[in-house]
Amino acid sequence: MRTRPAPERLGSRAAPARQRFRRPTANNGPDQISTKRMSKRTLNSKCESFALTNNLSHHGLHANTPMPPSMNSPTAVAPLHSSRESAREPLTHSEVVLQTLLSRQSHWPLTSPGPNDTALAAIFDAALRAPDHGNLRPWRFVVVRGAARAALGEVLVDIACARSPDEPRSAHAHRARKAQAAPVIIALGAAIDETSTVPEVEQLLAVGAAAMNMLNAIHALGYGGFWATGPDSYDTAMHAALDFQLSERLLGFIFVGTPQPDQRPATRPERSAFVREWTGPSTRTQPAD
Ligand SMILES: Cc1cc2nc3c(=O)[nH]c(=O)nc-3n(C[C@H](O)[C@H](O)[C@H](O)COP(=O)(O)O)c2cc1C
2 MRTRPAPERL GSRAAPARQR FRRPTANNGP DQISTKRMSK RTLNSKCESF
52 ALTNNLSHHG LHANTPMPPS MNSPTAVAPL HSSRESAREP LTHSEVVLQT
102 LLSRQSHWPL TSPGPNDTAL AAIFDAALRA PDHGNLRPWR FVVVRGAARA
152 ALGEVLVDIA CARSPDEPRS AHAHRARKAQ AAPVIIALGA AIDETSTVPE
202 VEQLLAVGAA AMNMLNAIHA LGYGGFWATG PDSYDTAMHA ALDFQLSERL
252 LGFIFVGTPQ PDQRPATRPE RSAFVREWTG PSTRTQPAD
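Using this note's numbering, read the sequence shown as starting at 2 and increasing by one per residue.
Here it is in structure tokens:
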């Protein structure tokens with residue numbers, strides 16, 4: 002039986018960069034990924050390869066970090082439509098990364114385990130790689146997990162009671178369960194710098210870009226995520242309960258955890274409906290001055 006090499010500490014300084022980022026060849030261990038059989042083992046290898054080539058040692062993530070079910074699910078990574086000549090050819094590093102991006106989907110509800118501190122650090126570091134006009138760093142994240150979720154659930158019920166004072170508190174009990182829908186909840190905040198020449202919309206977009214990076218990192222690590230807002234996110238009582246400052250905006254919550262098994266892959270639209278090419282000014286008559 003072929004033995005796998007001992008798990009390498011990811012991105013260890015001993016490993017030269019060219020080795021860590023080399024294109025896969027016929028015999029280079031975990032980087033060998035065949036598109037032919039998407040077995041659980043293969044998908045784990047893909048995760049390892051992805052992790053290896055992305056130098057996650059900084060976060061203490063190892064090549065043998067167990068991957069939760071979302072990445073082990075055969076539906077988690079849809080076949081990549083590539084121009085490769087043979088399905089037996091190993092995927093390149095770029096293809097693995099692209100495969101990860103193309104296979105992300107939202108999951109709800111989410112169960113334990115959720116990401117631990119190490120994985121959360123990687124998720125937040127991914128967020129901080131988002132484009133950010135003017136280096137304003139508007140990102141603000143608040144982690145709610147463990148027993149704090151029950152307290153968040155009570156805040157949700159309080160808000161609903163305040164909104165509908167005629168209804169009994171019990172009518173809103175289901176809202177407390179929302180806070181238990183994932184082991185980790187991350188409130189997304191945007192600290193808006195009103196003195197900046199960077200328009201507010203761009204500062205909000207920077208937080209949106211960070212959220213997208215987080216969702217991709219969550220998926221790449223084998224977890225599932227869901228970005229939810231709703232009226233509670235924009236309620237001043239929720240803003241205050243989470244200790245956001247007046248200059249900060251609450252843009253929703255990312256729920257993080259382990260997806261339910263056997264989730265169907267999301268249906269995705271045909272790209273041609275959303276993309277067009279501009280080849281120069283149109284020949285339509287310009288309005289007269
Ligand atoms: C800013 C933002 C807020 C959202 N808020 C909600 C929400 O409150 N409830 C909901 O069901 N989906 C919400 N969604 C959509 C889900 O997060 C998710 O994108 C959607 O269910 C489609 O799943 P997909 O990510 O697999 O395409 C929101 C998405 C964005 C970008």
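We put the beta carbon where it would ideally sit given N, CA and C, even for glycine.
Given the structure is predicted, the values throughout are model-derived calculations rather than measurements.
Element boundaries [beta strand (DSSP E), containing Val145]: Trp140 to Arg146
DSSP state of Glu201, grouped into three classes? helix
Give every residue of the same chain whose Cβ lies closer than 7 Å to the Cβ of Ala1, excluding the five residues on either side of it in the sequence, and list them in chain order. In this structure the chain extends from 2 to 290, so residue 1 is not present and cannot be described.
Beta strand (DSSP E) containing Thr256: first to last residue? Reading off the sequence shown, one finds Phe at residue 256, where the question assumed Thr. Looking at the DSSP string, the run of the beta strand (DSSP E) that includes Phe256 is Glu249 to Pro260.
Length of the line joining the Cα atoms of Phe142 and Thr230: 15 Å
His108 burial status per 10 Å Cβ neighbour count (16 or more: buried): buried
Please find out if some non-hydrogen atom of ligand 1 comes closer than 7 Å to the beta-carbon of Gln261. no
Taking Val156 as part of the alpha helix (DSSP H), name the residues at either end of that continuous run. Ala149 to Arg164
Pairwise C-alpha distance: Ile160 and Ala210: 29 Å
With a CB to CB cut of under 7 Å and the five nearest residues on each side skipped, what residues in its chain are close to Pro132? Ala207 and Ala210
Who are Ala112's beta bridge partners in DSSP? The sequence shown places Thr at residue 112, rather than the Ala named in the question. The partner list for Thr112 (beta bridge, DSSP) reads Thr259.
Interface flag, Glu96 vs chain C, CB-CB below 8 Å: Protein chain content of the structure displayed is limited to a single chain, and chain C is not contained in it.
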